[in-house]
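This report concerns only the one structure given below.
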Amino acid sequence: MMQEPQEVVEETVTIEEDPGTPTSHVSVVTSDDGTTRRTETKVTKVVKTITRRTYHPVMVTETLAPMESKPDTRTSTPVPNLTPTPSETDSVTKMVKTVTTRTVRQVPLGPDGMPLPEGSSPLGSYTDSIDRRYMKNGGERYITPQATSTLTRSYNNSYNDSYGETPESQYARHYGLHDGYADMTDNYGSLSRGVNFRPPRYPYMPNSYRPENSYTLPIRKDDYGHVAQPQVPMGSSSMDLNRSQPERFQPEPYGLEDDRRSLGAEEEEPYELEPDYSTANRRTLQGANRGRTHREPLRDGPRVRGYPDDPIEAELIDERHPYIHGMYSAPLAQPERGSMASLDRMGGRRSPSIDSIRKDPRWRDPDLPEVIAMLGHPIDPVKSNAAAYLQHLCYENDKIKKDVRQLKGIPVLVGLLDHPKSEVHRKACGALRNISYGKDHDNKVAIKNCDGIPALIRLLRKTNDMEVRELITGTLWNLSSYEPLKMVIINHGLQTMTNEVIIPHSGWEHEPNEDSKPRDAEWTTVFKNTSGCLRNVSSDGAEARRRLRECEGLVDALLHALQSAVGKKDMDNKSVENCVCIMRNLSYHVHKEVPGAEKFQDPSALQAPGSAGPQRKKKDDAGCFGGKKAKGRKNGENDKNYDTLDLPKRTEPSKGFELLYQPEVVRLYLSLLTESQNYNTLEAAAGALQNLSAGQWTWSNYIRATVRKEKGLPILVELLRSDSDKVVRAVAIALRNLSIDRRNKDLIGSYAMRDLVSNLPSGQQRPAKNLEEDTVVAILNTIHEIVTDSSENARSLIQAQAIEKLVAINRTSQSARETKAASHVLQTVWSYKDLRNALTKDGWNKSHFQPTVTATPKAAKNGKPGYDDTTLPLMEKNQGSRKCGSGDMIPLDELGPDGYSTIDQRDKDCKYKTGEGSVDLTEREPLKNDTNRKHYIRSNRPAVSLVDACDVKPQPVDSWV
Amino acid sequence: MSFVPGQPVTAVVQRIEIQKLRQNDHLILGFSIGGGIDQDPGQNPFSEDKTDKGIYVTRVSEGGPAELAGLQIGDKIMQVNGWDMTMVTHDQARKRLTKKNEQVVRLLVTRKSLEDAVRHSMSNYPK
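In the order they appear, the protein sequences are chains A and B. Read in order, the letters of the first sequence correspond to residues -14 to 946 in my numbering. Read in order, the letters of the second sequence correspond to residues 745 to 871 in my numbering.
The structure is reproduced here in C-alpha cells:
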C-alpha cells in the first residue's frame, strides 16, 4: 500500500489517541478531586499511529486504513488505499495480474458443462468449488495425472515438492550467501525462517527465475505449454526472459516468482506485504467497481505504464507473488493450466480486464468461500497461503472482513494460531491482524468469541519469531481498541505481554546489580504495538488500572523505558507516547485506588468541615506522615510548611506501582515536557502531573512541592503557549491542581497569569489559536482557582487585562460553559472588596460581574455532557467548599455536573444510566456517593468486583479459588 | 442458556478437569468466580440473560491450572464434582471448589462458543 519507493510505509493505528487527529475522542476526564484521566471514548478514537516504516507497511496500513476516525492522519500521510492515486492503481493492477494468472477462469468454459455464472468477470465466474473445477476441467483436457487429479491429489503429487524446492533452490543460488536460506530446503514452511533474507528487488528477479523455471519445472512446460498466459504480463513487467519463451515457461516463472516473493515477504518484512494485499484485494474481490477499470490500463506492465512508481510497483509485485503463489502455488498450478489450456482452445470468454492486457482470460481468483475452505486443507502450505491471501483480501476492505466473519473464517484462522508450523500461524496471524483492524467491532468480537485472545497470547509465549510477535501484538492492539475486549485482554494477556515484550524491550532488569550496565529501551515494533495495546486497556476503568498497576514489573519497566528515552533524547516516538499515556492513566486516581492509600490521606482534608470527598477514610494512620494541608483556600495558613516538606525516608527502593507517585517521577515528566516535540507525549506528561498533583494525600503534596523545586512551573507555563489545544488544556488543569499548594498558587498567579489570559478569546473573536471550548473552560477554571483566596492573584488578573475578556465571554460567548466559568471568575474577583476601587476606576461596575441570564445551571445542559469533567479537576474540593457554605464561593459543581461521568468509560456508562443528563446538583450527590462507596468497598475488601460499581447495588463478589 | 423455571436446563457442556496446584499452604485452581443466587445477577458481565444467577468464571490466571485445563473467562459452571452450581450461593460455590481434601476438580461448564459450535454443526453438516 504504501507505494513509496523508499519503503516508507506507514501507519500504524494505535488505538487511543491519535497524534495528529483532532477528532480523536479521547477525553481527559477530570474527576472530582482534580485528577485527570484519559479515556478513549470511542472506537474511532482508537488511536492510530501512523508510523512510517518499511517493515510495517502491512500491519500498520491495515490498521490505519480502517480507522477512518482519523481522517487527519490519513490525509496527512499518503496512504494509497483511501484515495486511488495513480501509483496505487498501478500497484493494484499488478497484483491483479498475478492473481488472475493463477487461477484459471474455468467457469465460463467448463468442459463438464458446469454453468458459467458470468462470463465477463473472472471473479464472478468462480461459483464452482475448487475441487469441481479442477477435477472436471483438468480431467477432460488433460490426460496428465495431475491435471485430472483433484486438488488434494495434485497437492500431494510430486509437484508440490518441486514447488517447494524451487523457491529455495533459486534463493540459494541467487542468495546463496544468506544463512537463513541454507536450511530451508524442506518446504514452504522452512522458507519463512530465514529472517535476514530480503526479497530481491525487482530488477533481479528475472534472472534468477528463468534458469530455475526451466530447470526445476520441466514437466510443467510440457504439459502446460500453452497454458500460462496470464503470466506473460507478469513476465513483461518483471522478466524479459519469460517473454522469450512465452507460454511454456510462464507457468514456471509464476511459481518461482511466487516463491520468491513469498520468501521476500515472509522473511523480510511482513509489512510490505500489506500493500500488496491491499491492492490486490480491491482489484480482485471488489470486482468491477474499482479494480476493473484500473486493471486494464495497468496490465501492460509497470514499465509500459510509465508511472513514476514503477520501482515501487516492482517491489510490490515481488511481495505479492509469494502470496499468490502460496495460495495456489504448486497444487493448483496444473489443474489450472489444464483448464486454461482448454479455455484457449475453446476460445472462451475472457474477462475484459484480463484479456486486454494479458490475453489470457483463463485464470481466476478463488472466491472467498474457497479461500476459507483452503484454510482447512490438509497441506500446510495451502493453509498458509490461504491465510496470506485472506490477509491480502481483507486489507482495507471492510466488506471482505465481514464476509470472512460470516463465512466462519475467523474461528478457523484462530485455530491455525496453534499450528506448529511457523508459516501457518504467521499467516493466520497476519490475516487476523487485518481483520481485527477497523471500525467494525463485530470482527473483533468474533475473534474474541472463538477464544482468539488466549490463542494469540499462547502464541506470543511460544514464538520467538519477531515478525510473528509483531503480528500478534498488532492484532492485540487492534482488539484493544474495543471497549468490551479490554478486560478480556487484561485477563488473558497482561502478564504475558509484560513479561514477553515490555520488560525485555524496556531494558529493565529485575536484578540491576548484575555487572552488566543498564540497558536502554529498544523501540521495536513489538514494543510499540504492545505498549499501544496496554495504553488502550489502561483506560478501561478502575479495575483495569488496578490490574496494570499490580502487574509485576510493568510500571518498573515503563519507567525505565521512559528514563532511557530521556537519556537518549529520543522522546518523540510512538512508543514513548504510549508509555507516557499508560503512566498517565495509571496515575489517575492513584490516591484512591492504590492499596494502602488510606494511610496517606491528608489529615487536613479530613478535618476540614465540609470535606466529604471520597477519601473519607479511617483516620488512624493519617497523621504519621504529617500531611500538609492541601487546600490553599483557608488563607494559606499552612503554606509555610511546604518548602520544608521532607520526603519520607525509604528503607528499600520503591517498586511497582509505588513508583507511579514517587516524587522522582516529577523530573522525568518535566524532562519530557521540556524536550519532547510530540503533542501527545506532552499532553500525557502534563496529564500525569495533573493526576499526581490532584489528590488529597501525602504524595500529592510531595508532588506539588517537587514540581516547584524542580523548577517545573516555568516549564508548564511555557507550554501554555503551545499550538496544541490539548497540551494547553492539560497544562492548564495541571497548573490548577498544582495551585492547591499555596506557594505554587502565588507563583502561578504572579508568572502565569498573562499566558493564561492570552489564551482566552476576546469577545466573540477567538484568538489565533482558536482553542476549543473545553480548553477555554479549563483555563477559566484554572484562573478561578488561582484567584480564589488570593486577592493578590486577583490583582494580577486585573493587571493582565483579563476583565475585558472575561466580561466579553460572560456576555457574548456562544458556549454556556464558557459563560458560566467566566462568570465564576468575575464573581470571585468582585468579591474582593479592596479591588473594587480599581475596577470601578477602569469603568467596570457590579453588573459586569454578575452572572448573565444564560449562565444558569440550566445552560449547562447545552454544554457537551461528557466533557465537563476535563475542566473540573477540583471537584471534590469544590464540593467541600460548597457544603461549607462559603458565601462568596460559587459552587463549582454547577460547572461540571457531569464531571463524574467522564471518569472512565464504565463509570460514564453507568452514570448515564442512573442519572441521564443530570445537571442539577442533587443528582451529583448520588453519583459522588457512588464513587465513595466504590472506593470504600475496594479498600476494605480485596475482592475484585465484576464491574465497577456505578450504582448503589452491592458489590458483586468475586473469589479466587 | 436461557431456561424456563421448573423445566430442566439443557446446555452444551464441556468437562474440564483441573488439577489443583499447591501454592504454599493453599491448593489453588487459578481462576475466580462470580455470581450466585445471593449476588446481583445484573452485574454479571458474562451472562447473556441478566437474570441468570449462576456461577461464572470471572478471571483465569495466566498459565494457571485452570487455564491449562481449558477453562475460560466467562464460562458458566454448571457442576463441580457432580454438585449442581446453578442454584447455589456464591460462598457455597467457593467452598465446593476449594475443598482441601480434593486434589482434582471436575467441572461441567458451558459457554456460548460451545453452543454456537454445536448449533453450527447441526445446521451445516447434514448437507
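Even glycine gets a Cβ: it sits at the ideal position worked out from N, Cα and C.
Restricting to Cα atoms, I'd like to know which of the options is closest to residue i.
| i | options | result |
| --- | --- | --- |
| residue 472 (chain A) | A:349, A:568, A:532 | A:532 |
| residue 713 (chain A) | A:542, A:740, A:726 | A:740 |
| residue 424 (chain A) | A:414, A:463, A:825 | A:463 |
| residue 667 (chain A) | A:414, A:556, A:688 | A:556 |
| residue 508 (chain A) | A:719, A:649, A:563, A:375 | A:563 |
| residue 539 (chain A) | A:711, A:384, A:490, A:578 | A:490 |
| residue 798 (chain A) | A:774, A:836, A:820, A:785 | A:836 |
| residue 837 (chain B) | B:825, B:847, B:845 | B:825 |
| residue 638 (chain A) | A:520, A:821, A:541, A:791 | A:541 |
| residue 537 (chain A) | A:458, A:372, A:643 | A:643 |
| residue 808 (chain A) | A:573, A:559, A:823, A:792 | A:792 |
| residue 467 (chain A) | A:691, A:772, A:680, A:426 | A:426 |
| residue 833 (chain A) | A:800, A:802, A:803, A:790 | A:790 |
| residue 781 (chain B) | B:842, B:832, B:844 | B:832 |
| residue 851 (chain B) | B:763, B:759, B:860 | B:759 |
| residue 550 (chain A) | A:656, A:574, A:465 | A:656 |
| residue 812 (chain B) | B:761, B:845, B:846, B:843 | B:761 |
| residue 768 (chain A) | A:796, A:738, A:746, A:757 | A:738 |
| residue 693 (chain A) | A:553, A:381, A:575, A:719 | A:719 |
| residue 354 (chain A) | A:770, A:552, A:493, A:392 | A:392 |
| residue 561 (chain A) | A:723, A:675, A:515 | A:515 |
| residue 812 (chain A) | A:772, A:403, A:822 | A:772 |
| residue 943 (chain A) | B:777, B:756, B:754, B:769 | B:777 |
| residue 687 (chain A) | A:663, A:699, A:728, A:710 | A:728 |
| residue 487 (chain A) | A:736, A:512, A:504 | A:512 |
| residue 406 (chain A) | A:436, A:435, A:364, A:438 | A:364 |
| residue 571 (chain A) | A:553, A:552, A:645, A:386 | A:645 |
For residue i versus residue j, is the C-beta distance shorter than 9 Å?
| i | j | result |
| --- | --- | --- |
| residue 834 (chain B) | residue 779 (chain B) | yes |
| residue 585 (chain A) | residue 683 (chain A) | yes |
| residue 732 (chain A) | residue 716 (chain A) | no |
| residue 670 (chain A) | residue 661 (chain A) | yes |
| residue 469 (chain A) | residue 430 (chain A) | yes |
| residue 378 (chain A) | residue 417 (chain A) | no |
| residue 394 (chain A) | residue 360 (chain A) | yes |
| residue 567 (chain A) | residue 525 (chain A) | no |
| residue 390 (chain A) | residue 420 (chain A) | yes |
| residue 821 (chain B) | residue 803 (chain B) | no |
| residue 746 (chain A) | residue 691 (chain A) | no |
| residue 730 (chain A) | residue 770 (chain A) | yes |
| residue 535 (chain A) | residue 641 (chain A) | yes |
| residue 522 (chain A) | residue 676 (chain A) | no |
| residue 578 (chain A) | residue 530 (chain A) | yes |
| residue 744 (chain A) | residue 756 (chain A) | yes |
| residue 653 (chain A) | residue 689 (chain A) | no |
Between residue i and chain D, is any beta-carbon pair separated by less than 9 Å?
| i | result |
| --- | --- |
| residue 841 (chain B) | Among the chains of the structure shown, chain D does not appear; the protein chains present are A and B. |
Residues within the segment 774 to 808 of chain B neighbouring chain A, beta-carbon criterion of under 7 Å: 775, 776, 777, 778, 783, 784, 787, 788, 789, 802, 803, 804, 806
Chain A contacts made by the segment 805 to 832 of chain B, where a contact means CB separation under 9 Å: 805, 806, 807, 810, 811, 816, 817, 818
Length at least 4, wholly inside the segment 625 to 684 of chain A: the alpha helix (DSSP H) runs in chain order: 649 to 660, 664 to 677
Residue ranges of each alpha helix (DSSP H) within the segment 515 to 560 of chain A, 4 or longer: 527 to 535, 539 to 553
Against chain B: residues of the segment 425 to 439 of chain A by CB proximity under 8 Å: 434, 435, 436, 439
Touch test, the segment 773 to 784 of chain A against the segment 813 to 823 of chain A, Cβ-Cβ under 8 Å, three pairs minimum: yes
Secondary structure, beta strand (DSSP E): runs of 3+ residues fully inside the segment 685 to 773 of chain A: none
Cβ pair count under 8 Å reaching 3, the segment 789 to 798 of chain B against the segment 767 to 776 of chain B: no
Cβ-based contacts, 8 Å cut-off: residues of the segment 845 to 859 of chain B near chain A: 856, 857
Alpha helix (DSSP H) runs contained entirely in the segment 382 to 469 of chain A, provided each spans 4 or more residues: 383 to 391, 394 to 401, 407 to 421, 426 to 434, 437 to 447, 451 to 464
Interfacial residues, the segment 476 to 491 of chain A to chain B, with Cβ spacing under 8 Å: 476, 477, 478, 479, 480, 481
Contact list for the segment 759 to 773 of chain B against chain A, Cβ threshold 8 Å: 772, 773
Chain B contacts made by the segment 388 to 401 of chain A, where a contact means CB separation under 9 Å: 393, 396
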